[in-house]
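Undergrad:
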Amino acid sequence: MTALPLILTVFVACAVEAIEALTIVLAAGLTREWRSTFQGMAVALAVLAAIVAVLGPTITLLPLTPLRLVVGALLAIFGLQWLRKAILRATGYKSLHDEASAYLREVAAAKAASASSRGRVHDWYAFTLSFKGVLLEGLEVVFIVITFGANQRNVGAAVIGAAAAVVVVAVTGVLVRAPLAKVPENALKFSVGIMLTSFGIFWGAEGAGVSWPGQDAALLVVVPVVALVSLGYTVLLRRPRAVQPASAPTSASASEEVTSS
Amino acid sequence: MRRLRSIGAFWYDFVVGDDWRVAVVVVAALALTAVLVHAAGVNAWWLLPVCVFAALGWSLRRATRT
Numbered sequence: 052m053t054a055l056p057l058i059l060t061v062f063v064a065c066a067v068e069a070i071e072a073l074t075i076v077l078a079a080g081l082t083r084e085w086r087s088t089f090q091g092m093a094v095a096l097a098v099l100a101a102i103v104a105v106l107g108p109t110i111t112l113l114p115l116t117p118l119r120l121v122v123g124a125l126l127a128i129f130g131l132q133w134l135r136k137a138i139l140r141a142t143g144y145k146s147l148h149d150e151a152s153a154y155l156r157e158v159a160a161a162k163a164a165s166a167s168s169r170g171r172v173h174d175w176y177a178f179t180l181s182f183k184g185v186l187l188e189g190l191e192v193v194f195i196v197i198t199f200g201a202n203q204r205n206v207g208a209a210v211i212g213a214a215a216a217v218v219v220v221a222v223t224g225v226l227v228r229a230p231l232a233k234v235p236e237n238a239l240k241f242s243v244g245i246m247l248t249s250f251g252i253f254w255g256a257e258g259a260g261v262s263w264p265g266q267d268a269a270l271l272v273v274v275p276v277v278a279l280v281s282l283g284y285t286v287l288l289r290r291p292r293a294v295q296p297a298s299a300p301t302s303a304s305a306s307e308e309v310t311s312s
Numbered sequence: 334m335r336r337l338r339s340i341g342a343f344w345y346d347f348v349v350g351d352d353w354r355v356a357v358v359v360v361a362a363l364a365l366t367a368v369l370v371h372a373a374g375v376n377a378w379w380l381l382p383v384c385v386f387a388a389l390g391w392s393l394r395r396a397t398r399t
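Listed in order, the protein sequences are those of chains L and S.
Positions in the first sequence are counted from 1; adding 51 to them yields my numbering.
Positions in the second sequence are counted from 1; adding 333 to them yields my numbering.
1. Could you compute how far the alpha carbon of Ala221/L sits from the alpha carbon of Arg336/S?
2. Strictly below 7 Å CB to CB, what residues from chain S border Ala127/L?
3. Please name the residue, chosen from Leu180/L, Leu147/L, Ala100/L and Leu99/L, that lies closest to Ala159/L on a Cα-to-Cα basis.
4. Please work out which residues of its chain come closer than 6 Å, Cβ to Cβ, to Gly212/L, disregarding the five sequence neighbours upstream and downstream, and give them in chain order.
5. Should Trp379/S be labelled buried (16 or more other beta-carbon atoms within 10 Å of its own) or exposed?
6. At what residue ranges does the stretch 69 to 128 of chain L contain a whole run of the alpha helix (DSSP H), taking only runs of 4 or more?
7. Counting only Cβ pairs nearer than 8 Å, list the residues of chain A close to Ser339/S.
8. Do the stretch 117 to 132 of chain L and the stretch 251 to 265 of chain L meet, that is, are 3 or more Cβ pairs less than 8 Å apart?
9. Check the Cβ of Tyr176/L against every Cβ in chain S and list those closer than 7 Å, keeping chain order.
10. In terms of alpha-carbon separation, which member of Leu99/L, Val76/L and Tyr144/L lies closest to Thr397/S?
11. Contact criterion: CB-CB distance below 8 Å. Does Arg86/L meet it with respect to chain S?
12. What does Gly350/S touch in chain L if you count any residue whose Cβ is under 7 Å from its own?
13. So, is the C-beta of Ser242/L closer than 8 Å to a C-beta in chain S?
14. In the DSSP assignment, what residue or residues form a beta bridge with Val313/L?
15. Closer than 8 Å, CB to CB, is Pro117/L near chain S or not?
16. Can you tell me the Cβ-Cβ gap for Ala161/L and Thr82/L, rounded? I've got them flagged as a contact below 8 Å.
17. Between Ala164/L and Tyr176/L, what straight-line distance do the alpha-carbon atoms span, to the nearest angstrom?
18. Exposed or buried, Tyr345/S, counting other C-beta atoms within 10 Å across all chains shown (16 or more means buried)?
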């Protein structure tokens, strides 16, 4: 298997998390103070890089079959969690993640918090807000980078995908100077859920001893089948438009967001 | 102890999420697949996808009912 599917999957997954982290960083930086915000972000990125640097090569040393069994199970469980939420959002049973309102909430909290300094950090609130936001969103990326990279014996390619996503989102955020609310986040999460679940099924079954018909080419069937089943559930569960309150995001628009991906 | 508990809760929520039944179905399906392959000599590549789709449907049905 080439590194391209690995890089693309990690890129999209990382982009989704980077958009959410960007919202928090912008709220801290624009409302409080940029220097402390960047300090928090830098420390969080250093912690995440250290986790990848330590765990990545260590996990790669493990035998491939048990590694695929464990990682496949984790990815399938993790991916189904993403897919479940994305389908519930697309069908109107769960509200769509709104970066604009998330940003306003963070800004209100940041404005209300009192200022205090610790050591070299001038604004402790901006530092911790930025640190926690980047670390928590980044942990999901680290999980995907390590599991995908270790299974493909190519942690470097996974890191390239993740780094590219961070750069693209950061540059866009700097240019726009606002949360990236127009990005179809649920459609991206839906796609990532499909990829994580598909790879989880593929590697998990291989780890359990299965030989896939067509070997690696089976993934070319597994991914579309997972996508079709997920879209099928979305269509089946779609709420009638009349039930939606006027102010809520309509299921129709949410579904369009998903089906257009 | 409190910190350990909160770390455990964080990782549980991180990996398992809202519906633990999905995780149980995936683990059980993998165990059954391994038994079929190694003990019965059946190349049960189809079992995990079927169980995953069933688990997703079951979980969505439960979520939309409540």
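From the three backbone atoms N, C-alpha and C, an ideal C-beta is built for every residue, glycine too.
TA: On the basis of the data shown:
1. Rounded to whole angstroms, the separation of the alpha carbons of Arg336/S and Ala221/L is 33 Å.
2. Neighbours of Ala127/L on chain S, chain order: Val359 and Val385.
3. Selected option, being the one with the closest Cα: Leu180/L.
4. Short of 6 Å from the beta carbon of Gly212/L, and not among the five residues preceding or following it, lie these beta carbons of its own chain, in chain order: Ile58, Val61 and Phe62.
5. Trp379/S comes out exposed.
6. DSSP assignment within the stretch 69 to 128 of chain L yields the following whole alpha helix (DSSP H) runs of 4 residues or more, N-terminal first: 85 to 111.
7. Among the chains of the structure shown, chain A does not appear; the protein chains present are L and S.
8. Note that the stretch 117 to 132 of chain L touches the stretch 251 to 265 of chain L; at least 3 beta-carbon pairs, one per stretch, sit closer than 8 Å.
9. Those within 7 Å of Tyr176/L in chain S number zero; the least Cβ separation is about 21 Å.
10. Measuring C-alpha to C-alpha distances from Thr397/S to each of Leu99/L, Val76/L and Tyr144/L identifies Tyr144/L as the nearest.
11. No - not a single Cβ of chain S is within 8 Å of the one on Arg86/L.
12. One finds Gln132 in chain L with Cβ atoms closer than 7 Å to the Cβ of Gly350/S, taken in chain order.
13. Not an interface residue.
14. Nothing can be reported for residue 313/L: it is not among the residues displayed for chain L, which extend from 52 to 312.
15. Chain S contact via Cβ: absent.
16. With a contact defined as Cβ atoms closer than 8 Å, Ala161/L and Thr82/L qualify at about 4 Å.
17. Distance between the alpha carbons of Ala164/L and Tyr176/L is about 7 Å.
18. Exposed, because fewer than 16 other Cβ atoms sit within 10 Å of the Cβ of Tyr345/S.
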